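In my numbering, the protein residues as written are 267 to 682.
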């Protein structure tokens with residue numbers, strides 16, 4: 267706010283009164299007067315006006331009444347009552363700026379006009395007319411200036427309210443657009459992905475009942491496929507519910523987190539699925555992971571699932587994967603390495619994927635950094651989730667820009 271705006275701000279009434287009193291003191295000492303020096307009565311009336319302005323700076327009506335009374339006394343006792351005249355006019359300005367209704371303004375203006383006209387009562391008509399014209403400066407100017415300030419203040423308040431209303435409308439439109447987008451994604455998930463997953467689960471279930479003379483190992487594969495598909499379908503349905511109505515499922519912790527005590531069992535289930543795919547999984551799990559918070563626990567679980575899936579997909583059958591999850595000083599140290607000897611280089615396709623990208627994004631949200639790259643003949647993915655999640659603004663170190671589906675024989679990135 268500029269200094270003129272601060273000068274007439276309602277919260278700075280005391281500052282205005284101090285400046286006004288200083289101006290009055292300068293007038294008494296500097297401005298030439300008809301007499302050699304101000305009289306004692308003039309000093310007393312001036313000092314009273316100064317004191318009233320300071321004491322009653324938060325009570326504009328009381329200040330006006332007191333200043334008008336001092337002006338009436340000054341008119342009858344001293345020749346130069348400019349100090350009291352200015353004090354009364356400024357008090358009228360304060361009333362005009364701060365009054366909540368118009369009635370106090372006009373009553374104050376009439377009171378000051380009556381007091382000013384007492385100086386012209388009994389004078390010749392020409393001098394009385396001059397006194398009436400002088401009211402334009404003593405009464406009209408304060409009222410006009412106060413009304414202008416009030417109008418500008420009201421226009422500013424209305425502008426702020428309009429800006430807030432437009433912001434709320436924009437936020438409402440943005441929420442509506444996001445809701446429409448979520449609904450569209452939910453329809454696609456339901457109509458495409460969920461439909462096909464449900465169809466696969468149904469066919470596997472039929473095959474389990476129709477093919478009765480199967481090798482037990484094939485039956486175990488059918489059971490695993492059926493269970494995995496059923497779990498995937500349940501998660502898809504929960505995701506569709508979140509997309510369609512986030513508020514309705516906000517309290518469901520299973521959608522965004524996992525119970526800490528269930529984390530070791532969930533990681534064990536992920537390792538069992540990888541073993542059923544032929545991967546040899548060695549694990550070094552810190553018992554303290556059972557006390558992790560729900561958000562980091564879910565991150566550890568998802569990272570483990572993705573990493574072991576990548577081992578089975580790219581290192582091939584009979585690969586050896588080593589999982590390490592440790593809690594040190596509140597931070598979670600997570601790492602998955604494999605020897606890369608299961609399926610060999612031929613098992614690595616040339617296409618790109620988004621698994622590593624998704625893992626990196628999940629880690630960065632929690633303030634960590636993901637390292638992914640070749641180590642010897644195998645592959646290593648590791649990260650540290652800090653005790654206090656803080657969004658990291660630095661680029662991940664030692665990471666590969668694409669998923670591990672790099673062409674065979676490509677140079678290995680150097681770890682950080």
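Backbone N, C-alpha and C define an ideal beta-carbon position, used for all residues, glycine too. On a predicted model such as this, the values are computed, not experimentally measured, just so you know.
Residue i in three-state terms, based on DSSP
{"i": "residue 585", "result": "coil"}
{"i": "residue 634", "result": "coil"}
{"i": "residue 551", "result": "strand"}
{"i": "residue 592", "result": "strand"}
{"i": "residue 623", "result": "helix"}
{"i": "residue 640", "result": "strand"}
{"i": "residue 519", "result": "Annotation note: pLDDT 38 at residue 519 (below 50); position unreliable, no value reported."}
Buried versus exposed call for residue i [16 or more other C-beta atoms within 10 Å across all chains shown]
{"i": "residue 691", "result": "No information on residue 691 is available, as it lies outside the stretch 267 to 682 that the chain covers here."}
{"i": "residue 447", "result": "exposed"}
{"i": "residue 572", "result": "buried"}
{"i": "residue 639", "result": "buried"}
{"i": "residue 454", "result": "exposed"}
{"i": "residue 304", "result": "buried"}
{"i": "residue 384", "result": "exposed"}
{"i": "residue 591", "result": "buried"}
{"i": "residue 285", "result": "exposed"}
{"i": "residue 328", "result": "exposed"}
{"i": "residue 621", "result": "buried"}
{"i": "residue 330", "result": "buried"}
{"i": "residue 281", "result": "exposed"}
{"i": "residue 287", "result": "buried"}
{"i": "residue 637", "result": "buried"}
{"i": "residue 478", "result": "exposed"}
{"i": "residue 501", "result": "exposed"}
{"i": "residue 626", "result": "buried"}
Range of the contiguous alpha helix (DSSP H) that encloses residue i
{"i": "residue 603", "result": "Where residue 603 is concerned, there is no enclosing alpha helix (DSSP H), although the beta strand (DSSP E) it sits in stretches over 597-604."}
{"i": "residue 534", "result": "529-542"}
{"i": "residue 480", "result": "First-last for residue 480: undefined, no H or E at that position."}
{"i": "residue 572", "result": "560-576"}
{"i": "residue 404", "result": "No alpha helix (DSSP H) holds residue 404; DSSP gives it neither H nor E."}
{"i": "residue 303", "result": "No alpha helix (DSSP H) holds residue 303; DSSP gives it neither H nor E."}
{"i": "residue 369", "result": "368-383"}
{"i": "residue 335", "result": "326-343"}
{"i": "residue 295", "result": "279-296"}
{"i": "residue 353", "result": "348-364"}
Cβ-based neighbour list, residue i, same chain, cut-off 7 Å, excluding 5 preceding and 5 following
{"i": "residue 464", "result": "499"}
{"i": "residue 467", "result": "492, 495, 496, 499"}
{"i": "residue 541", "result": "547"}
{"i": "residue 471", "result": "492"}
{"i": "residue 486", "result": "none"}
Endpoints, beta strand (DSSP E) assigned at residue i
{"i": "residue 651", "result": "644-651"}
Own chain, CB closer than 6 Å to residue i, minus 5 neighbours either side, in chain order
{"i": "residue 545", "result": "577, 578, 585, 587"}
{"i": "residue 650", "result": "597, 599, 634"}
{"i": "residue 279", "result": "323"}
{"i": "residue 283", "result": "319, 320, 323"}
{"i": "residue 360", "result": "326"}
{"i": "residue 369", "result": "none"}
{"i": "residue 474", "result": "488"}
{"i": "residue 568", "result": "none"}
{"i": "residue 404", "result": "355, 382"}
Same chain only: Cβ atoms within 8 Å of residue i, ignoring 5 sequence neighbours per side
{"i": "residue 401", "result": "379, 382, 383"}
{"i": "residue 318", "result": "329, 332, 333, 336, 353"}
{"i": "residue 309", "result": "294"}
{"i": "residue 343", "result": "307, 311"}
Exercise for review: Evaluate contact between the segment 336-356 and the segment 285-298, counting only Cβ atoms and requiring at least three cross-stretch pairs below 8 Å.
Suggested key: yes
Review point. Would you call the segment 529-540 and the segment 556-564 touching, i.e. three or more CB-CB distances under 8 Å?
Key: yes
**Study point:** Cβ pair count under 8 Å reaching 3, the segment 573-591 against the segment 627-636
**Key:** no
Check your understanding: Is the segment 550-557 touching the segment 573-583, taking contact as three or more C-beta pairs under 8 Å?
Key -> no
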